[in-house]
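K.L.:
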Amino acid sequence: MLLEVKNLNIEFYDHDVPERVVNGLNMELDKGEILGIVGESGSGKSMTAMAIAGLLRRHDMKTDGIILFEGEDLLHAKRSRLRHFQGNDIGIIFQEPMTSLNPVKRIGWQVEESLRIHRSDLNKARRYQRVIEAFCNVELDNPELVYKKYPHELSGGMRQRVMIASAMICEPKLLIADEPTTALDVTIQMQIVTLLQRLNRQKNTAILFISHDLSLVKRLCSRVIVMHNGDVVESGTTQDIFDHPMQDYTKELINAIPKFVKLA
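FYI, in this note's numbering the residues of the sequence shown are 3 to 266.
1) Within 10 Å of its beta-carbon, does V19 have 16 or more other beta-carbons around it, so buried, or fewer, so exposed?
2) So L222 packs on V195, CB below 8 Å; how close in whole Å?
3) In terms of residue numbering, what span does the alpha helix (DSSP H) encompassing V148 cover?
4) Check whether the Cβ atoms of I95 and A55 sit closer than 8 Å, and answer yes or no.
5) Taking the alpha helix (DSSP H) that E135 falls in, what are its first and last residues?
6) Does G89 come out as helix, strand or coil in the three-state DSSP assignment?
7) What residue from D62, D233, L57 and S102 has the CA that sits closest to L76's CA?
8) Given this structure, state the Cα-to-Cα distance separating R200 from K64, to the nearest angstrom.
9) Kindly indicate the opening and closing residues of the alpha helix (DSSP H) around T50.
10) Taking all protein chains shown into account, do 16 or more other C-beta atoms lie within 10 angstroms of the C-beta of L10, making it buried, or fewer, making it exposed?
11) Would the stretch 117-126 and the stretch 101-108 be scored as touching if the rule is three or more Cβ pairs under 8 Å?
12) If V40 and V219 are in contact, beta carbons under 8 Å, what's the gap, nearest whole angstrom?
13) With DSSP as the reference, please indicate the residues paired to M160 in a beta bridge.
14) Within a Cβ cutoff of 7 Å, which residues of the same chain sit near K264, ignoring the five residues on either side of it in sequence?
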């Protein structure tokens, strides 16, 4: 098993009354599997992703439970140990690349960052070659030109492909995609989903796909977890969840899909 989350709880203490945003979550993800977490805004799905990525160390937050990555507990790991996994064994794609990319740094320099941290054996020329290869893998045209550009010079779809290339540059075992298609039009969304499918097949990378878009989840994921107000209300294979939903909340989510969307 690649990833095991056991009884994960996340609470915020920035109000008079503590607010629990994830309540006793349990999940597993095997190597090469694609698992979807769905739910409306505030359901706790992104907080779960951030916890798995080791990005929730805050003074106004309490977390408990166990997050095992290949048997090692990340939730209680030291920051120095977490940095070994972040960008190396675990890659993450955020939903808005313009807030994730540094606007004053060239694209190539930013994508190289994980290589500078985790692949110190590579010289500058070899790092450049790896970045160009990564851009080709995500089907960016003119990769040498993209390398030299700034984020504002790229379209939204191109920026998201850059983020995927950055997350995959060290060939991680787990890719966390947190609402990676939210700001994109429908055509680009399908291109990104197709790209993630191809990377999953070619690299055997496990993917945790966080989304409120059930049509994309059905197309991409083999299993689904449904979250509501911090709780897992239903989980199962994608076919079972969509064909035989057990909970009213899951039925409401499915019924909210526009009727013109064809679920392949």
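Beta carbons are placed, not taken as given, at the ideal position from N, Cα and C, and that holds for glycine.
P.N.:
Result, derived from the coordinates:
1) exposed
2) 5 Å
3) P145 to K150
4) no
5) K126 to N139
6) coil
7) The shortest Cα separation from L76 among D62, D233, L57 and S102 belongs to L57.
8) 37 Å
9) K47 to I54
10) So L10 counts as buried.
11) Not touching, per the Cβ criterion.
12) Rounded, the Cβ-Cβ distance is 5 Å, consistent with contact.
13) The partner list for M160 (beta bridge, DSSP) is empty, contrary to what the question assumes.
14) Its pLDDT being 49, under 50, K264 is placed unreliably in this model, and the value from its coordinates should be taken loosely. Nothing listed; no residue qualifies.
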